[in-house]
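These notes concern the structure reproduced below.
Number of protein chains: 2
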Amino acid sequence: MAERLLVIGGDAAGMSAASQARRRRGPEDLNIVAFEKGRHVSYSACGIPYYVGGVIEDADELIARTPEDFRKRGIEVRLGHEVVEIDLAARRVRVLELDGGRELIEGFDQLVIGTGAVPYCPPWPGADAEGIFGVQTLGDGLRLRRALDQFQPRRAVVIGGGYIGLELGEALRMRGLEVSLVERAPQPMSTLDPDMGEMVADAMREKGFALYLEETVEGLETGDGRVRAVVTDRRALPAELVILGLGVRPNSGLARAAGLAVGPESGGIVTDLRMRTAAEGVWAAGDCVQVFHQVSRRPVSIALGTHANKQGRVVGINIGGGYATFPGVIGTAVTRICDTEIARTGLNEREARAAGFDYFTSHVRSTTRAGYYPGGTYLTIKVLAERGSGRLLGAQIVGREGAAKRIDVLATAIWNRMSVDALQMVDMSYAPPFSPVWDPVLIAARKAAEKLGEERAS
Amino acid sequence: MAERLLVIGGDAAGMSAASQARRRRGPEDLNIVAFEKGRHVSYSACGIPYYVGGVIEDADELIARTPEDFRKRGIEVRLGHEVVEIDLAARRVRVLELDGGRELIEGFDQLVIGTGAVPYCPPWPGADAEGIFGVQTLGDGLRLRRALDQFQPRRAVVIGGGYIGLELGEALRMRGLEVSLVERAPQPMSTLDPDMGEMVADAMREKGFALYLEETVEGLETGDGRVRAVVTDRRALPAELVILGLGVRPNSGLARAAGLAVGPESGGIVTDLRMRTAAEGVWAAGDCVQVFHQVSRRPVSIALGTHANKQGRVVGINIGGGYATFPGVIGTAVTRICDTEIARTGLNEREARAAGFDYFTSHVRSTTRAGYYPGGTYLTIKVLAERGSGRLLGAQIVGREGAAKRIDVLATAIWNRMSVDALQMVDMSYAPPFSPVWDPVLIAARKAAEKLGEERAS
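Order-wise, the sequence lines are chains A and B.
Each residue of the first sequence is one higher than the one before, starting from -14 at the first, in my numbering.
Each residue of the second sequence is one higher than the one before, starting from -14 at the first, in my numbering.
Structure follows, in structure tokens:
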């Protein structure tokens, strides 16, 4: 008789797991059912800001596969189904049909928990008024765009200057709104160091954003059930639209209630490298898990589609009888706000201190192309390296077109525990339309290596 | 008394060495004189095609530093001076003043040989006619552009489909000439495998190049001292302008005549990792040396500005009392012809066979951005990996805007001897304007890892 695989959550992690498992085991051997409480599966959450901004006209473009596509591949998808309890002893889950309210009990042999993340939402009075949006699911994105089209708001306040806040802020600017950003930290993008974040702040101001930094939101003003203003510790900012971009945390409550371990620091479900929980046949993947940070050596939770995809694939291969592991992360991320590209990998200064590293930093400003070749842009690279060994610990890039993707070279170097000394001599590509004779990454490594040499000598 | 450093050749390698040595040792300690037989020092040879094509209007933009700049930093530069003999025993060189023909004898304590490369030029009758150009030095580039302005030729033939041939071919197309390419191999860019080179051929034909592949040039037709046609084994191609792009070889004759070792395979001067020749205080760097290929484990000579720069720097640091090494190359290169980007690193199939590797290949076609995000382009990545271990041996990319620079990630992976298995899980950056959720490099590694798994299983 066929084994039964249940998947909780129909996005990147869960559906990648289901697809991989199906590739390796046919329907006669493995029955697969995925429960998704929302109305869509397998979409690009990272694409939502571009749909909101109108870069992408049709939300369907964000959907990689429909429930019908999965059905054809022998994977049953049940939309509007929320799993509300996992019973590990009885090996079954309790599922709520959101339309109609019927409850189902479904047994499993294998279970994949891919419940994703939930946005932080402080308990402000009025937070449920019209015009306030957290943007986590495609449904949220559809509602936001509908509100933009319908109410034509002019003034928006984005609360929180992380990736989501910035990307949605850009989307609203593109649609012509006045956009204010409120951020508690001294600069946006607090995953960058302050000196690099300041470059982002400058670029945003140049694009017409109003920045209210080092301000804390204390509440919201509403009237007739609609938001009217965001109240900070210093002022009231009128707004017809408010975006909550305060970050997310792993949606691990269901797993925790079932008795599965959740990391005290990360809040994510604990798994081994094969993405197994401690319970036989129970796997977890995506934004709801904790992963190993290869530089800090600490468990972290990082909500990113690329990790969710890889982890889901690892789960599916393992359920399918193969062997795969997810080796962890190093905190690589990239984004763009208007024409400013921003990227980071490894540890920033705060993280390096917390992890106990004795480090130094080095900055370079260079160009994406040979100085004499038209169309090049400036970029700044900051690197963190360990004192003594010169091991590369982290890197940050702020620049324009052609700058940010260079972070992948630095990420690959960190992944391989390279020193800045070794990195400066790597055989990277050079031609005038592509880089100066020393690529900016090589210059960054060289400058850091010089500093290392001076410190050793002194 | 100050030591005396003589530098033979005033381009990337020689002048980098001089600059680094000067940074570390003042004029009271080290006297530095550079002899350059041409009229320019310290220019970007790689930028010449863009000057010829008119992308760069003023040739001065290609010059990083003038002799006067060097003089101010305490480095004497003598243009129009050709070193014609090195006497290692007497520790002196014989120098010919090209204007006037006077001969000088100059003694040295330290000597840097940076004599560069010379273009292959077959002994065809008529090869000295007007209208025939090898483009190696800035002087060559100036003469070519002058000829274009003066004679307004309409038809050009480029002989040889390597980097220089392609880049100059593009330059001539940009100036509106009809350009034919004659290449002995079945496709241009023979540093790529034939399947990838064919994509380059298609792109060139689309841009109006006439390709004559698998044809061998047998001679030139001239009249009134000017070139009239290129004669292949199959036809005569009328031409008012002919570009010789048959590659270069290390200009190591001077060193060889002095008794220094020259590699029998590579033709380049033999040095150790610190760029020392076997003679005390005699160093060599740049296109004239042989270097160690980290994948094939063989000595090779590769004429590239980025290597020359790094090697010159290594020499200068060592002469300056520091310690630096050049660890070798892995054959990374990048170019662009019209809007087609081309890159490679590591070994191609021919090279992998020659080096005795048992390898397999894998191809992927992907996009530079998320599929739904506007402005993305297609790219093809081919990887070579070792059977059994899965070690990444080489990679090639053909695509458009945003494709080629991804080669640096693959180069860094090869540099660190990564397997395709390990590479597929590296934490690379992802956001829709920058890549699909799996970056094309990760997809390429993943597909190769899958193939590896299947081969292991079978």
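Positions of the beta carbon are idealized from the N, C-alpha and C atoms, including for glycine.
This one's a predicted model, so the numbers in the text were calculated from it and none came from an experiment.
Legend entry - Inter-residue Cα distance where the pair is A:V164 and B:S347: So the alpha carbons of these two residues sit roughly 47 Å apart.
Inset, instruction - Using only alpha-carbon positions, find the residue among A:F345, A:H278, A:R385, A:I302 that is nearest to A:T330. - result: Comparing Cα positions, the closest option is A:H278.
Legend entry - C-beta atoms of B:L245 and B:V255 nearer than 9 Å: Yes. Within cutoff.
Legend entry - Beta-carbon proximity list for A:G266, same chain, < 7 Å, skipping 5 on both sides: Answer for A:G266: D94, Q95, L96, listed in chain order.
Inset, instruction - Using a threshold of 9 Å, state whether the C-beta atoms of A:D272 and A:A114 are closer than that. - result: Their beta carbons are not under 9 Å apart, which means A:D272 does not touch A:A114 by this criterion.
Legend entry - Environment of B:V319 [buried if 16+ CB atoms lie within 10 Å]: Buried, by the Cβ-count rule.
Legend entry - Contacts of A:E250 in chain B (Cβ-Cβ under 7 Å): Under the 7 Å cutoff, chain B gives no residues; its nearest Cβ is about 19 Å from A:E250.
Legend entry - Residue closest to A:G23, alpha-carbon to alpha-carbon, out of A:R130, A:V299, A:G(-5): For A:G23, the nearest C-alpha among the options comes from A:G(-5).
Legend entry - chain B within 9 Å of A:K390, Cβ atoms only: Using a CB distance cut-off of 9 Å, A:K390 counts as an interface residue toward chain B.
Inset, instruction - Using beta-carbon positions only, say whether B:I304 and B:W268 come within less than 9 Å of one another. - result: The Cβ atoms of B:I304 and B:W268 sit closer than 9 Å to each other.
Inset, instruction - Please specify which runs of the beta strand (DSSP E), each continuous and at least 3 residues long, are wholly inside the stretch 32 to 110 of chain A, giving them in chain order. - result: Fully enclosed beta strand (DSSP E) runs of 3 or longer: 60 to 64, 66 to 72, 77 to 82, 88 to 92, 95 to 98, 102 to 104.
Inset, instruction - Rounded to whole angstroms, what's the CA-CA distance from B:I315 to B:A416? Just pull it up for me. - result: The alpha-carbon atoms of B:I315 and B:A416 are separated by roughly 30 Å.
Legend entry - Spatially closest choice to B:G373 from B:A434, B:T317, B:W423, B:V422, by CA coordinates: Taking the Cα of B:G373 as reference, the smallest distance to any Cα among B:A434, B:T317, B:W423, B:V422 is reached at B:A434.
Legend entry - Check whether B:P421 and B:I428 have beta carbons under 9 Å apart: Cβ atoms of B:P421 and B:I428: closer than 9 Å.
Legend entry - At least 3 beta-carbon pairs within less than 8 Å: the stretch 27 to 40 of chain A vs the stretch 66 to 74 of chain A: Verdict: no, contact absent.
Inset, instruction - Under 6 Å Cβ to Cβ from B:F118, same chain only, skipping five residues before and after it: list those, please. - result: A distance below 6 Å between beta-carbons, with the five flanking residues on each side excluded, links B:F118 to the following residues of its chain, in chain order: L129, I228.
Legend entry - Helix, strand or coil at B:G331 [DSSP, three-state]: Per DSSP, reduced to three states, the secondary structure at B:G331 is strand.
Inset, instruction - Kindly indicate which residue of B:R298, B:I48, B:A407, B:Y35 has the alpha-carbon position closest to the one of B:G438. - result: Ranking B:R298, B:I48, B:A407, B:Y35 by Cα distance to B:G438 puts B:A407 first.
Inset, instruction - Leaving out five residues on either side along the sequence, give the residues of the same chain with a beta carbon under 6 Å from the beta carbon of B:V18. - result: Taken in chain order, the residues that qualify are L(-9), E61.
Legend entry - Distance, A:A264 Cα to A:Q137 Cα: Their Cα atoms are separated by approximately 50 Å.
Inset, instruction - Give a yes or no on whether 9 Å exceeds the smallest Cβ distance from A:F311 to chain B. - result: In terms of beta-carbon proximity, A:F311 lines the interface with chain B, with at least one pair separated by less than 9 Å.
Inset, instruction - May I ask you to list, following chain order, the residues of the stretch 312 to 338 of chain B that have a beta carbon less than 9 Å from some beta carbon of chain A? - result: Residues passing the 9 Å Cβ filter: P312, G313, V314, I315, G316, T317, A318, V319, T320, R321, E326, A328, R329, T330.
Legend entry - Inter-residue Cα distance where the pair is B:L258 and B:R87: Their Cα atoms are separated by approximately 37 Å.
Inset, instruction - Would you list, in chain order, the members of the stretch 161 to 184 of chain B that have their beta-carbon closer than 7 Å to a beta-carbon of chain A? - result: For the stretch 161 to 184 of chain B, the set of residues with a beta-carbon nearer than 7 Å to any beta-carbon of chain A is empty.
Inset, instruction - Starting from the Cα of A:G253, find the closest Cα among A:A288, A:A221, A:A309 and give me that residue. - result: Selected option, being the one with the closest Cα: A:A288.
Inset, instruction - Find out if the Cβ-Cβ distance for the pair B:R335, B:R376 is shorter than 9 Å. - result: Contact: no.
Legend entry - Stretch-stretch touch, CB-based, cutoff 8 Å, three pairs: the stretch 293 to 307 of chain B with the stretch 42 to 49 of chain B: By the Cβ test, the stretch 293 to 307 of chain B is not in contact with the stretch 42 to 49 of chain B, since fewer than three Cβ pairs between them sit closer than 8 Å.
Inset, instruction - Measuring only between beta-carbons, confirm whether B:V285 sits less than 9 Å from chain A. - result: Not a single C-beta of chain A is nearer than 9 Å to the C-beta of B:V285.
Inset, instruction - Report yes or no: is there a C-beta of chain B within less than 9 Å of the C-beta of A:M159? - result: By this cut-off, A:M159 is not an interface position.
Inset, instruction - For the stretch 404 to 422 of chain B, enumerate the residues whose C-beta is nearer than 7 Å to any C-beta of chain A, in chain order. - result: Listed by position along the chain: M410, V411, D412, M413, S414, Y415, A416, P417, P418, F419, V422.
Inset, instruction - Thinking A:V368 and A:V405 are a contact (beta carbons under 8 Å), I'd like their distance in whole angstroms, please. - result: Their Cβ separation, rounded to whole angstroms, is 7 Å, which keeps A:V368 and A:V405 in contact under 8 Å.
Inset, instruction - Report the rounded CA-to-CA distance for B:A396 versus B:Q275, giving the unit in angstroms. - result: Taking the CA atoms as reference points, B:A396 sits about 20 Å from B:Q275.
Legend entry - Where the alpha helix (DSSP H) through B:L205 begins and ends: Segment 202 to 208 is the beta strand (DSSP E) holding B:L205; no alpha helix (DSSP H) there.
Legend entry - Buried/exposed call for A:G126, threshold 16 Cβ in 10 Å: Answer is buried; the Cβ neighbour count reaches 16.
Inset, instruction - Determine the DSSP secondary structure at B:V411, reduced to helix, strand or coil. - result: Three-state result, B:V411: coil.
Legend entry - Beta-carbon spacing of A:D14, A:E(-12) below 9 Å: A contact, by the Cβ cut-off of 9 Å.
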